[in-house]
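Report on the following structure.
In the numbering used here, the protein residues as written are 121 to 293.
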């Protein structure tokens, strides 16, 4: 990305663990949507449930709890009856919205490239299902290695297009 304060020279093999952790934070379903919703300002749980149709209260609470643990979201409880709780992005959470914006640009470019190269248009649901297949295969591979099987003895599950799975798991349009 031109004009960015980062360059490929800033990336090293030793950074993979940190990068994978950052992507893992964004990859659970609804996480990006919650961060985007909170980028508009502080919100109560009931407002987020209304703004994010399809998310369950349980999932929303789980995601918010994790984002609070990571200090990306702040939880404020007001001493009122009934109690009122609001969530808002921390400074770190606001910085993350720039990462989401960059992922949006990259995701759109990759989707366009994929479609222009004759690839079928795939929904995020399709990509997530394929990613689950690959994850299952990676887990099976470890078990197979422990049993002494070699990679050539196993069938590989691959994507139709070479697109990083971790990126696609967390990308939301």
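Glycine included, every Cβ here is placed at the ideal spot set by N, Cα and C.
All values derive from a computational prediction rather than experimental measurement.
So is residue i buried or exposed if we call it buried at 16+ other beta carbons inside 10 Å?
{"i": "residue 295", "result": "This structure gives no information on residue 295, because the portion of the chain shown stretches from 121 to 293."}
{"i": "residue 161", "result": "exposed"}
{"i": "residue 131", "result": "exposed"}
{"i": "residue 183", "result": "buried"}
{"i": "residue 174", "result": "exposed"}
{"i": "residue 134", "result": "exposed"}
{"i": "residue 238", "result": "exposed"}
Going by DSSP, which residues form a beta bridge with residue i?
{"i": "residue 209", "result": "193"}
{"i": "residue 198", "result": "204"}
{"i": "residue 163", "result": "207"}
For the putative contact between residue i and residue j, defined by C-beta atoms under 8 Å, what is the C-beta separation to the nearest angstrom?
{"i": "residue 179", "j": "residue 191", "result": "That pair is no contact at about 21 Å."}
{"i": "residue 177", "j": "residue 169", "result": "6 Å"}
Give me, in chain order, the residues of the same chain whose beta-carbon lies closer than 8 Å to that of residue i; leave out the 5 immediate sequence neighbours on both sides.
{"i": "residue 208", "result": "158, 161, 162, 163, 193, 194, 196"}
{"i": "residue 217", "result": "155, 156, 159, 209"}
{"i": "residue 214", "result": "159"}
Apart from the five residues on each side of it in sequence, which residues of its chain come closer than 6 Å, Cβ to Cβ, to residue i?
{"i": "residue 171", "result": "157"}
{"i": "residue 205", "result": "197"}
{"i": "residue 136", "result": "none"}
{"i": "residue 199", "result": "none"}
Going by beta carbon distance, what residues of the same chain come within less than 7 Å of residue i, once the five residues before and after it are set aside?
{"i": "residue 166", "result": "none"}
{"i": "residue 185", "result": "none"}
Segments assigned beta strand (DSSP E), at least 3 residues, entirely inside the segment 216-241
Listed in chain order, there is nothing to give.
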